[in-house]
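Reading through the structure tokens given below for one structure.
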């Protein structure tokens, strides 16, 4: 079936404004937050209910048309990059808050609900939603589930997977099923754990039950300025090694600070080669004791200025620079690649030094801003696409940074996902046997290979094959009803 025929079928059951086929309208959805990759989708569909979402998927299956789920489009790995001959299923109109149940410390929301909105409706009850990506004012819960998003406070509170107890999903066959529920841990295989972070390859979330966290009694925040990232990194390791687990420890280097100052005028200390934002929360007596220890560690390891937030307004100003960092680099560079890798905390000085050396070798600038507490790096590789060769050099530097992370026992991604951007890097972490085993899980959910094809896995892989024994095109591929992915 052609895209035109699929559109006609969908228009019989959905409103006209829920189905887009005009090329100019489709261009709006040609990429997610990673603008380096662009594909105009064949069709864009806006289901408004879980049943409508299931109807759309069933229509795609009947037509043999691949489909990609998209939320707010803030992803940074190309995970929601459309398929040129496929359907982009946008869940932003499924945005109801179904239930807030503080007595159970739970909330039930649809996937289009914005991350920060969950905390806003929970706050009057004395609760909030802990995962807080930098894009939390615009990113959606469905996308957070797909990518297993983290955020500044994931050091203490964990990632999305630690705060989701249940989901309703549309399977790649078009069935509506539930994984998990309101209880902390369902018996049997952890299918919920497999689904969270699966990047749209195992189905589409249409309802999410999240864990709510009690608002802390006390929150204390400081900003410490250091001569360079080495000193800030050593201070971070000292804090954690002492048994203090802050809610957040964030670091920015001089170039990231320059960008933030240009964008939001956050007023960080002049001459800082790096700043740490350290936030503690919990019972007042515990926080006060630990806060004094954190100050001491920062001073012992070279902090030349420490500012302590006097109130919520000053705390918000500290965070404003950090939260705006990704967008802020647009003030100092016309183009940039946001990278995402993880290393052990103790390797921070060596890794940052090596990143600087590689950047210098290729004539590329790199601004570093990251979750220092858990070693989750977000190097921003700056370049100008109009200058011949710069984009290619930036790609080389970006890939080399991931190599460094793996060499130090880390990972090629911490919270942005693999998507299309890092699929080619996955073999640097996993063997062919590992990848084939993962593929078996994917095929159990999606034997036709229609759900978000081309993402996560690095080589053409089809369901139905014996892992590691691929000899040619799969019969489903030859029949035209399966995608290579």
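Residue numbers (full-length UniProt numbering): 1 to 485.
Every residue gets a Cβ at the ideal spot worked out from N, C-alpha and C, and that includes glycine.
Please read all numbers here as calculations on a predicted model, not as lab measurements.
The alpha helix (DSSP H) with residue i in it runs from where to where?
i	result
residue 355	348-361
residue 70	From DSSP, residue 70 is part of no alpha helix (DSSP H) but of the beta strand (DSSP E) over 67-70.
With DSSP as the reference, identify every bridge partner of residue i, one or two as the case may be.
i	result
residue 371	250 and 376
residue 282	218
residue 335	383
residue 288	In DSSP, residue 288 forms no bridge with anything.
residue 155	Looking at the DSSP assignment, residue 155 forms no beta bridge with any residue, so it has no partner.
residue 276	224 and 251
residue 19	45
residue 366	381
Start and end of the beta strand (DSSP E) containing residue i?
i	result
residue 209	204-211
residue 34	No beta strand (DSSP E) holds residue 34; DSSP gives it neither H nor E.
residue 27	Here residue 27 belongs to no beta strand (DSSP E), and DSSP marks it neither H nor E.
residue 43	43-45
residue 108	106-109
Let me know the secondary structure DSSP gives residue i once reduced to three states.
i	result
residue 130	coil
residue 255	helix
residue 143	helix
residue 62	helix
residue 14	coil
residue 270	coil
residue 233	helix
residue 116	helix
residue 341	strand
residue 481	Residue placement at residue 481 is flagged as unreliable, the pLDDT there being 46, under the threshold of 50; the coordinate-derived value follows with that caveat. The answer is coil: DSSP assigns residue 481 none of H, G, I, E or B.
residue 48	coil
residue 442	helix
residue 451	strand
residue 40	coil
residue 224	strand
residue 244	coil
residue 456	coil
residue 2	coil
residue 330	helix
residue 148	coil
residue 53	helix
residue 265	coil
residue 138	coil
### Meets three-Cβ-pair contact criterion under 8 Å: the segment 374-382 and the segment 343-363
A contact exists between the segment 374-382 and the segment 343-363.
### Task
Check whether the segment 237-247 touches the segment 285-302, counting contact only when three or more Cβ pairs, one atom from each stretch, lie closer than 8 Å.
In the pairwise beta carbon analysis, the segment 237-247 is classified as touching the segment 285-302: at least three pairs are separated by under 8 Å.
### Task
Jot down the residue ranges of each uninterrupted beta strand (DSSP E) in the segment 368-438, minimum 3 residues, whole runs only, in chain order.
The segment 368-438 contains, as complete beta strand (DSSP E) runs of 3+ residues, the segments 376-383 (chain order).
### Message
With a threshold of 8 Å, are at least 3 pairs of Cβ atoms found where one atom belongs to the segment 223-235 and the other to the segment 179-187?
### Response
Using a Cβ-Cβ distance cut-off of 8 Å, the segment 223-235 and the segment 179-187 are not in contact, since fewer than three pairs of beta carbons, one from each stretch, lie closer than that value.
### Task
Only counting runs of 3 or more residues, tell me where the beta strand (DSSP E) segments fall wholly within the segment 164-210, in order along the chain.
Taking 3 residues as the minimum length, the beta strand (DSSP E) runs contained wholly in the segment 164-210 are 164-170 and 176-180, in order along the chain.
### Task
Check whether the segment 329-339 touches the segment 305-321, taking contact to mean three or more Cβ pairs, one atom from each stretch, closer than 8 Å.
As far as the Cβ criterion goes, the segment 329-339 does not touch the segment 305-321, which means the pair count is below three.
#### Entry: Sequence ranges, beta strand (DSSP E) only - wholly within the segment 68-104, length at least 3
Qualifying beta strand (DSSP E) stretches, in chain order: 87-90 and 97-101.
### Query
With a cut-off of 8 Å, do at least 3 Cβ pairs link the segment 441-452 to the segment 191-207?
With a cut-off of 8 Å on Cβ pairs, the segment 441-452 is in contact with the segment 191-207, counting three or more such pairs.
### Task
List in chain order: all unbroken alpha helix (DSSP H) runs of 4+ residues lying wholly within the segment 298-327.
Entirely contained in the segment 298-327, the alpha helix (DSSP H) runs reaching 4 residues are, in chain order, 312-323.
### Message
Check whether the segment 303-316 and the segment 190-201 are in contact - that is, three or more C-beta pairs closer than 8 Å.
### Response
Contact check between the segment 303-316 and the segment 190-201: fewer than three CB pairs, one atom from each, fall below 8 Å, which does not count as touching.
### Task
Give a yes or no on contact between the segment 47-65 and the segment 82-92, applying the rule of three or more CB pairs nearer than 8 Å.
Yes, they touch.
### Task
Mind the definition here: the segment 270-281 touches the segment 390-397 only if three or more C-beta pairs lie below 8 Å; say whether that holds.
No contact exists between the segment 270-281 and the segment 390-397.
### Message
Would the segment 69-80 count as touching the segment 187-196 if we require 3 or more Cβ pairs under 8 Å?
### Response
Put simply, the segment 69-80 does not touch the segment 187-196. Fewer than three CB pairs are less than 8 Å apart.
### Query
Touch check for the segment 109-117 and the segment 207-220: three-plus C-beta pairs under 8 Å?
Short answer: they touch.
### Query
Contact between the segment 424-436 and the segment 358-368: three or more CB pairs below 8 Å?
Contact fails between the segment 424-436 and the segment 358-368, because fewer than three Cβ pairs, one in each stretch, are under 8 Å apart.
### Query
Counting pairs of beta carbons, one from the segment 39-47 and one from the segment 90-98, are three or more of them closer than 8 Å?
Three or more Cβ pairs drawn from the segment 39-47 and the segment 90-98 lie within less than 8 Å of each other, which places the two stretches in contact.
#### Entry: Validate contact between the segment 122-140 and the segment 229-243 using beta carbons, cut 8 Å, 3 pairs
Of all C-beta pairs linking the segment 122-140 to the segment 229-243, fewer than three are shorter than 8 Å, placing the two stretches out of contact.
### Task
Evaluate contact between the segment 171-178 and the segment 134-143, counting only Cβ atoms and requiring at least three cross-stretch pairs below 8 Å.
Judged by Cβ distances under 8 Å, the segment 171-178 makes no contact with the segment 134-143, as fewer than three pairs qualify.
### Query
Counting pairs of Cβ atoms below 8 Å between the segment 28-43 and the segment 151-162, do you hit three or more?
Touching, no, given that fewer than three Cβ pairs across the two stretches are closer than 8 Å.
### Message
Taking 8 Å as the cut-off, does the segment 354-361 touch the segment 396-410 (at least 3 CB pairs, one atom from each stretch)?
### Response
Output reads yes: the segment 354-361 touches the segment 396-410.
### Query
Should the segment 11-25 be regarded as contacting the segment 404-423, the criterion being three or more beta carbon pairs within less than 8 Å?
Taking a contact to require three or more Cβ pairs closer than 8 Å, the segment 11-25 and the segment 404-423 do not qualify as touching.
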